[in-house]
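Just below is one structure, and these are the notes that go with it.
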Amino acid sequence: MKPINALITAHNISVFKNERAILKNIDIQVNKKDFISIIGPNGAGKTMLLKCLMGFYKPDVGQIKKKPSLKIGYMPQNINIINTMPINVKSFITLRKKFDIISFKQVILETEISELINKQLSVLSGGEMQRVLLARSLLNNPDLLILDEPAQNLDISGQMSFYKLLQSIYTKRDLSILMVSHDLHLVMVSTKSVLCLSNHVCCSGKPQQIAEDPEFISMFGKDMANMMAVYQHTNNINQNHNNKFLIGEKNN
Amino acid sequence: MSYYGESIAHSSLLGVGLGILLGVGINLGIVFTCLIFGMLFLWLQQSKVLSTDTLLGVLAHLALSIGVIVISLNKIKIDIHAFLFGDILTVSSNDLWGMYFGVLIAIILMCYNWSSLLLVTIDEDLAKAEGISPLYINLLLTTILTIVVAISLQVIGLLLITAMLIIPAATSRRLVNSPEVMALVATLIGIFSVIFGIFLSVEIDAPSGPSIVVVSAVLFFLSPILATLLKRK
């Protein structure tokens with residue numbers, strides 16, 4: 673990849689807390705139109721890596737370079753909105769954002785929240801809240817969308833529809849996606865490359881390559897690796913299959 | 024963090040003592056002591072060794088105790104009771120000008136930083152990711168709280184200031200559905216409570232601070248009825 677396409681580059685970054693390495697010698701580069709999934713066990717430093725890349729945590733060692741005027745949209749796992757704060761969806765989405773009315777309407781349509789726009793934030797369901805958070809992160813037309821376990825609090829059908837939505841946004845818009853996710857089986861279909869993190873980079877590459885990597889297999893087990901390989905394989909043959917069908921097919 | 028205000032209020036008695044002892048006046052003493060206390064708290068909170076509640080509990084009562092000790096040891100002749108529960112008769116016309124000035128500064132700071140404060144309240148991580156410095160917001164909050172404590176100490180009393188930080192806002196919450204209107208209605212409820220509280224204290228010869236708090240609490244308990252009436256319209 674040409675360096676001119678690089679949106680954000682982290683070179684050899686490390687973060688220490690209480691003399692323990694949360695992140696150790698991490699190299700990562702996000703290019704234009706990338707779709708990178710970061711996977712790894714709890715405490716692997718996934719969220720810390722995102723914090724470093726977004727610039728609100730300074731790594732103890734290493735450098736992070738951003739393309740000038742890079743616009744990042746961030747979608748957290750959840751927000752701790754307390755019932756003591758009355759605010760409706762529209763005010764929340766537009767709070768502290770610069771936008772024009774056309775892109776506002778477009779985002780509302782894309783994330784399918786037109787019916788929620790006048791509701792109070794405190795009454796939204798989990799899936800609705802995730803779509804609202806996604807809408808907020810898209811409002812200033814970001815070049816890079818960073819998501820931290822976006823579907824963690826959803827049930828399985830909620831997760832699938834969320835990733836489907838994300839996939840369609842990725843296809844329609846000119847943006848890169850960097851996502852932390854545990855939902856390997858659902859993520860693999862859309863993701864272009866995977867970074868497996870366990871304080872250091874265990875392995876990275878295309879999902880198929882990762883599935884064969886010994887370090888990945890030792891961390892997630894043989895079953896998971898097989899499952900990923902199957903997903904990729906089946907997906908390449910028939911793009912129209914949805915995930916649910918694939919799960920059934922695999923079990924047969 | 025609702026009790027951050029209470030902790031700052033607790034440290035104000037030390038400010039009163041130091042202000043008189045050093046001859047710089049009560050208000051200046053309060054402002055400096057509360058600011059230093061607030062920053063000490065923020066600095067200790069950064070280290071994340073203790074939970075926020077523990078830290079506030081320790082520091083607030085330590086500051087209050089040192090305040091009482093400083094005042095007693097130096098035999099400063101003030102009515103501690105008046106500072107604990109408020110006594111409107113201790114307010115001079117000079118104090119009133121100080122209050123106007125303080126309120127003006129607090130309002131300007133609030134309005135100027137409104138959207139940032141709002142986002143931090145909704146979600147701190149989201150705010151950080153969108154470029155709001157937590158240090159800036161914490162310093163801002165400390166400054167505004169310090170001003171509020173300094174101007175309301177003599178009327179409400181340091182033990183009851185938290186009530187005026189929480190009750191009008193909680194009352195307002197039930198009646199509105201946007202943060203801006205909530206702030207406005209809370210202010211109006213606060214003003215109403217102060218006027219009627221003082222009126223009550225004159226009528227039954229009660230201390231001003233507790234009277235104001237009682238009025239605002241009555242409004243709080245009436246607010247569900249008011250909310251139902253508003254919705255019916």
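Going line by line, the protein sequences match chains H and S. Under the numbering used here, the first sequence is numbered contiguously, ending at residue 924. Under the numbering used here, the second sequence is numbered contiguously, ending at residue 256. Where is the CB? At the ideal position from N, CA and C, for every residue including glycine.
Heavy atom of the ligand PLP within 8 Å of residue i beta-carbon
i        : result
H/Lys730 : Annotation note on the ligand PLP: not contained in the displayed structure, which lists no ligands.
Neighbour flag for residue i against chain H, beta carbons, 9 Å
i        : result
S/Ile160 : no
S/Met205 : yes
S/Ala186 : no
S/Leu141 : yes
S/Val21  : The shown model of chain S, from 24 to 256, leaves out residue 21 of chain S, and the question about it has no answer.
S/Lys254 : no
S/Thr144 : yes
S/Tyr26  : no
S/Leu249 : no
S/Pro191 : no
S/Asp76  : no
S/Ala152 : yes
S/Ser138 : yes
Residue(s) in a DSSP beta bridge with residue i
i        : result
H/Met747 : H/Leu819
H/Ala693 : H/Phe688
S/Ser74  : Beta-bridge pairing links S/Ser74 to no other residue.
S/Met133 : According to DSSP, which records beta bridges pairwise, S/Met133 is partnered with nothing at all.
H/Asn703 : H/Ala678
H/Ser876 : H/Leu867
H/Gln792 : H/Asn760
H/Val733 : H/Ser686
H/Ser709 : H/Met851 and H/Val866
H/Ile698 : H/Ile685
H/Lys738 : H/Ile680
Cβ distance (whole Å) where residue i is taken to contact residue j below 8 Å
i        : j        : result
H/Ile744 : H/Pro822 : Incorrect: roughly 15 Å between the Cβ atoms, too far for contact.
H/Ile828 : H/Val804 : About 21 Å; that fails the 8 Å criterion.
S/Val178 : S/Gly109 : 5 Å
S/Ser224 : S/Ser234 : 4 Å
H/Ser763 : S/Ser201 : 6 Å
H/Phe707 : H/Thr863 : 5 Å
H/Met747 : H/Ser809 : 4 Å
S/Val93  : S/Gly40  : 4 Å
S/Leu132 : S/Thr166 : 7 Å
H/Lys737 : H/Thr681 : 5 Å
H/Asp732 : H/Val687 : 6 Å
Neighbour flag for residue i against chain S, beta carbons, 9 Å
i        : result
H/Ile685 : no
H/Thr783 : no
H/Lys674 : Confidence at H/Lys674 is low in this model, with a pLDDT of 49, below 50, so the placement of that residue should be treated as unreliable; the coordinate-derived value is given next. No, no contact with chain S.
H/Leu819 : no
H/Phe688 : no
H/Phe771 : no
H/Asn871 : no
H/Arg803 : no
H/Phe917 : With a pLDDT of only 40 at H/Phe917, under the threshold of 50, the placement of this residue in the model should not be trusted, and no figure is reported.
H/Pro731 : no
H/Phe764 : yes
H/Ile789 : no
H/Ile708 : no
H/Leu793 : yes
H/Arg768 : yes
Contact under 9 Å by Cβ, residue i with residue j
i        : j        : result
H/Ile818 : H/Met860 : no
S/Ile111 : S/Ser231 : yes
H/Leu679 : S/Leu141 : no
S/Gly28  : S/Leu168 : yes
H/Gly627 : H/Asn684 : Given a span of 673 to 924 for chain H in the structure shown, any question on residue 627 of chain H remains unanswerable.
H/Gln824 : H/His857 : no
S/Leu63  : S/Leu44  : no
H/Leu811 : H/Phe776 : yes
H/Gly712 : H/Met899 : no
S/Gly38  : S/Ala240 : no
S/Ser30  : S/Ala86  : yes
S/Leu253 : S/Leu198 : yes
S/Leu65  : S/Leu73  : no
S/Ala129 : S/Ile170 : yes
H/Lys739 : H/Leu847 : no
H/Leu816 : H/Gly798 : no
Indicate whether the contact test is met: 3 or more Cβ pairs, each with one atom in the stretch 691-700 of chain H and one in the stretch 758-768 of chain H, closer than 8 Å.
-> no
Is the stretch 862-869 of chain H close to the stretch 707-724 of chain H, with three or more CB pairs under 8 Å?
-> yes
Give a yes or no on contact between the stretch 112-122 of chain S and the stretch 151-163 of chain S, applying the rule of three or more CB pairs nearer than 8 Å.
-> no
Does the count of Cβ pairs from the stretch 143-157 of chain S and the stretch 734-754 of chain H closer than 8 Å reach three?
-> yes
Between the stretch 49-61 of chain S and the stretch 24-41 of chain S, do three or more beta carbon pairs fall short of 8 Å?
-> yes
Touching by the beta-carbon criterion (3+ pairs, under 8 Å), the stretch 210-218 of chain S and the stretch 181-195 of chain S = yes
Is the stretch 768-786 of chain H in contact with the stretch 835-849 of chain H, if contact means three or more CB pairs nearer than 8 Å?
-> yes
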